[in-house]
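Chains as they are written, first to last, in numbering that gives the first Met the number 0: chain A, 0 to 337; chain B, 0 to 649; chain C, 0 to 386.
Reading through the structure tokens given below for one structure.
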Amino acid sequence: MITQILRRIVTMAMTLLVISALVFIIIKLPPGDYLTNRIMELRATGDASSVAKAELLIQQYGLDRPVWQQYLMWIGVMPGSVGFSGLLQGDWGWSFEYDKPVADVVGDALWLTLLINLTAVVFVHLVAIPAAIYSATHRNTAGDAVVTLLGYVGLAVPGFLLALILLFYANRWFGLSIGGLYDSALTNQPWTWEKIRSLLAHLIVPTLVIGLGGTAAMIRRMRANLLDELAKPYTVTARAKGLPPLQALLKYPFRMSLNPFVADIGNLLPHLVSGSVLVSLVLSLPTVGPLLLEALRNQDQFMAGFILMFVAALTLVGMLISDLILVWLDPRIRMGLR
Amino acid sequence: MSVRDIRNGTPAPLPDRGERDTTVSRRALLAGLGATLTWSRAPSRAFADTPPDAPGPPTTPYLADLAAHGRRLGTRGGTIRTLIAKARDVRYLSVYGYSRLIGYDADLNLRPDVLERVDVEGGRFTFTLRQGHRWSDGHPFTTEDFRYYWEDVANEKALNPDGPPTFFRVDGKLPQVEFLDPVTVRYSWDRPNPMFLPALAAPRDPLIYRPSHYLKPFHARYIGKDAADAKAKALKLRGWAALHNRLDDNYELNNPDCPTLQGWVPRTRSPATRFRFERNRSYHRVDTAGTQLPYVDTIVMDVASQGLLVAKTNAGEADLMFRGLSMPDIPSLKEGEAAHRYRTNLWPVARGSEIALYPNLTTADPAWRQLNRDVRYRHALSLAIDRRTLNNTLLFGLGTEGNDTIVSDSALFEPEMRTLNAGYDPAQAAKLLDAVGLTGRDGSGTRMLPGGQPLEIVVESDGEAEMVLDALQLITEFWREIGIRLITKPQERTNLHRRSIGGLTVMVAAQGLDLAVPTAIMPPTELSPAQPEHYSWPLWSMNVESRGKSGEPCDIPEVRRLLDLDRQWRDTDDAGKQAAIWREMLMNHAHNTWVIGTVAGALQPVVGAERLINLPKRALYSWDPTAMIGVQRLDELFWDSGADKRAEVR
Amino acid sequence: MNRPAMNGVRPASGHFVDPAPFEPESRPESPVATASAWRLILRKFLRHRLAVASALILLALYATVPFVEQLAPYGQARRNGDFLYAPPQGVHLFHEGRFVGPFVYPYRAHLDLDTFRRDYKVDASAPQPLRFLCRGDGYDWLGLVHADLHFVCPPKNGTLFLLGTDKLGRDLFSRMIYGARISLTIGLVGVAISFTLGLFFGGVAGYFGGLVDAAVQRLIEVIRSLPELPLWLALSAALPPNWSPLLIFFGITVILGLLDWPGLARAVRGKLLALREEDFVQAAELMGASPTRVIGRHLIPNFMSHLIASATLSIPTMILGETALSFLGLGLRPPVTSWGVLLNEAQNLAAVQLYPWLLLPVLPVLVTVLAFNFMGDGLRDAADPYH
């Protein structure tokens, strides 16, 4: 078991290495880089002093070197202008756009992303599980159809549009300030009850919008799993024994139907980051999504690279953890054979 | 002095502290180019609330005569909330905050602002600072700050590899700079330098002075390179120059520690979603009642995504808002006025043309190059545009139709500049095209180039400008009438620049002339290849900028004439001659249609809360020269605290 | 799924008798010919009423794709300069109690310079009958034939804005019909690409196993651990800037397809791993069949139905992906018209507040995505006819 885990960790490290190369290639795919683009723009506006500043940075960050050298410097196996300083040494790089170390810029945003997405995940489960149980036990009834339909409507309406509409009416009808995580007047203030309330109120729209997209898929899978379990002989037996219907449902079939979700923990993360980008963009939420988008657009390479690597690493760890849980839940599953 | 001291707001005691008691007897002396104002009454009461060790206005402040502009004297206090689309945009406060050494007033006359006086004799510019003027942290503002900029920033290779900016060069030569005493500095060239003062008044302040007391502890020359580099390393920066650049921050407004002369001092470090600015208590402007400006204590900028700016303004979440709003937003903004007690003021935008087409005279393809250089072809394209329809569709019919030229508010304006070769006459256009030799047509009725390929103009544009894309859609229809197919190609902005410089564009659609309310003393650079980047002749511009090292030399006599005129403008400080040069250049443009203008005169919504006083209902809006709303003086806005107080002020 | 067992759960049903006639070939033990399996699938699918309805809707939608030009009352780029932001125009049948056939009342436009809005007054005195099978805006049908025949045209000297107009006075209904062409095909083309890739990688991994499997697994892992957004961004930024709108369109579909295959590949691999242990595969191998033959002839037909079902379910993802890309300004851009482009134009306060009809392009997206999902569900249920 231990050797298996160790082996997994080694392959994980290799995968991360491959991902890092891939990420760097992706970021460098569009022509040019942040600073040369910026210099071009500054030239156009005749801003000579800023041009000088930007040219200085190009040399310092080695953007004038070949891409492979930049890559090696970024991951920290080749000395840059201040010696070895890259991801391996814990230097996450420099954000040109913000003119700050990446770590400073991303720090808070990571937490907020986690908060918003966790709320959305909780919401999805709270809505989807009862809905799926209902629709599985009332299969092919009108109720089943309505639940499924509602779930799918959430999936089918583009989130960015829904977000804007909800935002507008939340403001018109409930006086909720538009966008952001809380009323902007409370921005730099301590966490009072009022601020928490404002935060909760502002979380409703993003939760709904991010969550609705995932609910349909969840209902569908949960319903299918439950139906499979309900059809198995042990359920029949339980019923035959005269177990009360609710108990007969929750005791085994429900538990078993949860299994596949554990397998999915790892995949949840990149999905959530992508999924919340558009919504965060529309709702002006300070999550990593918009930061990543902006960084990719501006070719703020170290910033984009770090966020992508971070998400990738989390995903891999998530996959490992979900595998471990699965093995622990069901000993029939062997490590490495998923 | 270390960074920490300043941040805690406890500057070291100043040597000139004794002067503070003499504020009552100070004298306002406003000389130089502007009109002299007379002093009305002693501003003693206004400073009663300033603690004795706090910074204060200069002994000889700038006296803002609000009544002369039909404005009300205000009271201090309150907060203005505004919105920005990204954290970087806080820097625009240094544009529309508009405090300059010398700047434009609302009538676009140059007047000393931070400086007490400016004396110009030929190529000799003598600047006199205000007595007792202080930085926002209380340190004296002296010619040492000018010297520091000149010797240790502009001419320091590590900070500015190319040396001082171009407006300091006359025939490539730098001025002789003398620091005569703590309040007098002199820049001398052999010949007049008409570029100099307009550059100082530009929307982007060149800041030819820096807070030396604050920056010296980080400069290699003052503490040694090793010590300076060590400080940078401690902050994970590579080299002292990077740290110096970062701390020296009177434009980006990201460093609350950096002292400033502007009306408001940044108080928030990025990253943040709300940025706060507090009034500079050393600010140099005082109203006639003796109240130090700015009236408003705090400016707050909330970051909201671009798509939400209108919605938030509409919901009353901003007290003052203009950047990020545009003409199509007016109906939405008007809708929220009553419910949220704000006013949507509509300011005419001073821009040559909202959408202009730039045929690239230096494009790489020889066939297109020849065509673009044919004046009959350019005239035909211009005559085939139904500008009335564009106006009705895009600008509610309120715009001005015609060439890309200056607006009628400018004293240099002549009606022909806008109307020449800019009527709607498709028949004449078709005749001109036939005359050029584009007579053959293909099956769909599109004219053919001599080589046999269809006359299919790929117009590239900056994909972010929605109005340009809409206009192109209409122009596609107009040109189809005369047998020309237009293909719109939205590009990423940087990509467009790159293709333009590479000579790959055939035609570009973008906004027109930026400086569209010029006075004679403002440089006409934009009208000739002296402009570093211009979509009509990118390669010639490159050639001029690199002094012949790259690009191509200009080979069209009419454009060379433009270059000559630009040169002549730079050689003289005679406003009469300069005005004549401006007119000739503009008429040259009207005759030759180097740029095909369409409609001008969009309206910029400037939203202001109802109780926010002194915001004009209507004024010109532009980047250069008005610095957005800058020349209308943000520091004179104030909150009307109610009817009773209003009586008191009167 | 699992119908007989389900029936068994219900004690009320008591003695189970299948009302359907007894068909020996449907017995699980004897999947004699593939043809009969397909027929079973069809039969089972047809029993799924929602799925069948969805399939019909989709069929109808896709049937419009070649005839967009004829169905739209106006040409794609046709502006009506006097009718900017006109609200939807109702089609009436009775004028003053008298039947006149389908007609519209004309609009009187007026620009209010206080609110900066255009008011449209309906002139209910002058009904304007619609024209059918009529001559309207010209077009090049399929790029070949120049024609001007339309199914329905605006009245003479009148207008027909079934769903209102946009900022340039273009008829939204016509634009939605034109948008359907691109949005509907983007899903199909994208899925075709992802299907091919998924089959290839999944097949290779599942059949050969070992080192090949490990390599493909890593590849899938890598692709899945990256959020799709940066990949979209980077790939669409890498599209050459001088491509024509049509090429860009294909570029976008390829991108969507390139990123969608890992899910399918995993499904293929899983199925193959299970199937290759089956006796009939061993038998084929012992008889000297090549790997290509074994995969192609024996394995793939075995789970093709499953694959088609999952592919159907990923088409809506692609359609939504296109709207998202357009929203980010990375996908198709005007003057190309797709549902995503239309939705992007509606993405502002004014649309929600003042011109709500601009939000209507969300409806076809909704209908299509729902229909594909229901049909996919039905297919998947039907895909295993032996259960």
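Note that the Cβ used here is the ideal one computed from N, Cα and C, for glycine as well.
Everything numeric in this text was worked out from a predicted model, so none of it was measured.
CB contact flag (residue i, residue j, <9 Å)
i	j	result
Thr81 (chain B)	Ala317 (chain B)	yes
Leu206 (chain B)	Tyr250 (chain B)	yes
His283 (chain B)	His132 (chain B)	yes
Gly85 (chain A)	Met72 (chain A)	yes
Arg617 (chain B)	Pro347 (chain B)	yes
Arg375 (chain B)	Ala434 (chain B)	yes
Leu454 (chain B)	Gly436 (chain B)	no
Asp652 (chain B)	Leu526 (chain B)	The structure shown does not extend to residue 652 (chain B), since chain B is modelled only from 0 to 649, so the question has no answer here.
Val121 (chain C)	Phe102 (chain C)	no
Thr404 (chain B)	Ala589 (chain B)	yes
Pro126 (chain C)	Ala155 (chain A)	no
Ser193 (chain C)	Ser313 (chain C)	yes
Leu411 (chain B)	Pro517 (chain B)	yes
Val285 (chain B)	Phe276 (chain B)	no
Val364 (chain C)	Leu319 (chain C)	yes
Neighbour flag for residue i against chain A, beta carbons, 9 Å
i	result
Pro358 (chain B)	no
Leu158 (chain B)	yes
Val368 (chain C)	yes
Ser224 (chain C)	yes
Thr49 (chain B)	Note that Thr49 (chain B) scores 41 on pLDDT, short of 50, meaning its location in the model is unreliable; the coordinates nonetheless yield the value given after this. Answer no: the Cβ-Cβ gap between Thr49 (chain B) and chain A never drops below 9 Å.
Lys85 (chain B)	yes
Leu234 (chain C)	yes
Leu228 (chain C)	yes
Bridge partners - residue i, DSSP secondary structure assignment
i	result
Met300 (chain B)	B:Thr81, B:Phe274
His149 (chain C)	C:Cys133
Val119 (chain B)	B:Phe124
Integer Cβ distance of residue i from residue j, believed to fall under 8 Å
i	j	result
Thr311 (chain C)	Gly375 (chain C)	4 Å
Thr127 (chain B)	Val182 (chain B)	6 Å
Ala421 (chain B)	Asn402 (chain B)	5 Å
Tyr534 (chain B)	Tyr423 (chain B)	Actually they are not in contact, since the Cβ atoms of Tyr534 (chain B) and Tyr423 (chain B) sit about 24 Å apart, beyond 8 Å.
Leu619 (chain B)	Leu636 (chain B)	So it is not a contact: roughly 18 Å between Cβ atoms.
Met416 (chain B)	Met541 (chain B)	In fact, because the Cβ distance is near 28 Å, the residues do not count as touching under 8 Å.
Asp408 (chain B)	Ala349 (chain B)	7 Å
Any C-beta of chain B under 9 Å from that of residue i
i	result
Ile177 (chain A)	yes
Trp339 (chain A)	As shown, chain A starts at 0 and ends at 337. That puts residue 339 (chain A) outside it, with no answer to give.
Pro285 (chain A)	yes
Lys166 (chain C)	yes
Ser243 (chain C)	yes
Short CB-CB distance (under 9 Å) between residue i and chain C
i	result
Val221 (chain A)	Checking the sequence, you will find Met at residue 221 (chain A) rather than Val. No, its Cβ sits nowhere closer than 9 Å to a Cβ of chain C.
Thr214 (chain A)	no
Tyr381 (chain A)	No answer is possible for residue 381 (chain A): it lies beyond the span of chain A, which begins at 0 and ends at 337.
Ala144 (chain A)	yes
Ala311 (chain A)	yes
Residue i Cβ short of 8 Å to the ligand SAM heavy atom set
i	result
Gly31 (chain A)	Absent from the structure shown: the ligand SAM. Ligands present: none.
ask   = Which residues, taken in chain order from the region 332-365 of chain C, show a beta carbon closer than 7 Å to some beta carbon of chain B?
value = Arg332, Pro333, Pro334, Gln346, Asn347, Leu348, Ala349, Gln352, Leu353
request  = Check each residue of the region 303-332 of chain B: if its Cβ is closer than 7 Å to any Cβ of chain A, include it; give the result in chain order.
outcome  = Ala303, Ser304, Gly306, Leu307, Ala310, Lys311, Ala314, Glu316
request  = Select from the region 273-297 of chain B all residues with a C-beta closer than 8 Å to any C-beta belonging to chain A, and list them in chain order.
outcome  = Arg273, Arg275
task = Anything in the region 295-327 of chain C with a Cβ closer than 8 Å to a Cβ of chain A? List those residues in chain order, please.
result = Pro315, Leu319, Thr322, Ala323, Phe326, Leu327
inquiry  = At a CB distance below 8 Å, what residues from the region 494-507 of chain B approach chain A? Give them in sequence order.
reply    = Asn494, His496, Arg497, Ile500
Members of the region 103-116 of chain C that neighbour chain B once the beta carbon cut-off is set at 7 Å = Leu110, Thr114, Phe115, Arg116
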